[in-house]
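Here the sequence shown stands for residues -18 to -1, 1 to 207, numbered as in mature numbering (1 follows the signal peptide of the UniProt record, and there is no 0).
Positions of the beta carbon are idealized from the N, C-alpha and C atoms, including for glycine.
Values in this document were obtained by computation on a predicted structure and should not be read as measured data.
Contents: one structure, followed by commentary.
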Amino acid sequence: MQFTTFTLSAMSIGSALAQAGVTVHVVRVGSMNGSLEYFPNTIKAAVGDMVQFQFAPNNHTVTQSSFDSPCQPIGATSNVEGIYSGFMPVSASSTTTPTYTVMIKDTTPMWLYCSQGKHCQEGMTMVINENTAANSTRTLAKYQELAKAATVNLPGGATVAGSGSSNSTGAAAGTASPTNGALGNTNSTSSAPEASTSSSAAHHVRAADALGLGSLVAIGFALLL
């Protein structure tokens, strides 16, 4: 599976992709009042759509798991490399909103959670492309029920003993970016590292001053072909 990495500001990527006719789904991670939720916690996204996670004050993550093993990164129970935003510490006084943007590669359901503390067990979970028509028992409510009983809450990159499998991550890897309108600027309130993959088929596209938005979007579409 191919991965595409983007480092763009929220304003820039939103404007460029809108002009290119790409749908961008915005998910708020947490809230100003400290709610442990994703808003919304379920979305339907088509292949080629972008999902942008915008982080509210606190220190949350977006981490992918399998349905059967919530609160553990999908790579801990399979050989699949899922998405992981890294931790995004944001102060209440911050004037920027760190973001993490991924491109949807297929419509396989993606089960996501926050790997901070017990946030996953406390219900900070969501799903992209829930498919109850294919399996009526694989619902967000059931995933949250399983998460509540989870004994660990692990960030991406962590591994635990166990076995399992999953066929697809459903999305390309993404990277964190502040919403200050500057390409390639990683000076934000976030301490999350730039996303990377160990796959030999991975393709990394980093925003730099030498690349305009048009070039970055064109590269992104080219990698989808």
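So what does DSSP say about residue i, is it helix, strand or coil?
| i | result |
| --- | --- |
| L18 | coil |
| L136 | coil |
| S150 | Interpretation of S150 is limited by its pLDDT of 40, a score under 50 that renders its predicted location unreliable; no figure is taken from the coordinates. |
| I56 | helix |
| Q98 | coil |
| Q46 | strand |
| Q126 | helix |
| A2 | coil |
Who are residue i's beta bridge partners in DSSP?
| i | result |
| --- | --- |
| A35 | Per the sequence shown, residue 35 should be read as Phe rather than Ala. F35 pairs with V9, Y82. |
| P91 | The partner list for P91 (beta bridge, DSSP) is empty, contrary to what the question assumes. |
| I25 | I110 |
| T66 | A small correction: the amino acid at residue 66 is Tyr; Thr does not occupy that position in the sequence shown. Y66 pairs with T45. |
| V72 | N40 |
Beta-carbon within less than 8 Å of residue i's beta-carbon, same chain only, minus the 5 sequence neighbours each way: which residues are those?
| i | result |
| --- | --- |
| C53 | S47, Y95, S97, C102, Q103, A129, A132, V134, N135, L136 |
| D31 | V4, T5, V6, H7, M85, I86 |
| L18 | G12, C96, H101, E104, G105, M106 |
| G139 | P55, G57, Y66 |
Please list, in chain order, all residues of the same chain as residue i whose beta carbon is under 6 Å from its beta carbon, the five residues on each side excluded.
| i | result |
| --- | --- |
| N40 | G12 |
| N113 | P91 |
| W93 | S47, F49, V109, Y125 |
| T89 | N111 |
| F21 | R10 |
In chain order, what residues of the same chain lie with their CB nearer than 7 Å to the CB of residue i, ignoring the 5 residues before and after it?
| i | result |
| --- | --- |
| F35 | V9, V11, V44, S67, T81, Y82 |
| T24 | M108, V109, E112, L122 |
| A38 | R10, V11, G12, S13, M14, V72 |
Determine contact between the segment 63 to 77 and the segment 119 to 129, defined as no fewer than three beta-carbon pairs at a distance below 8 Å. no
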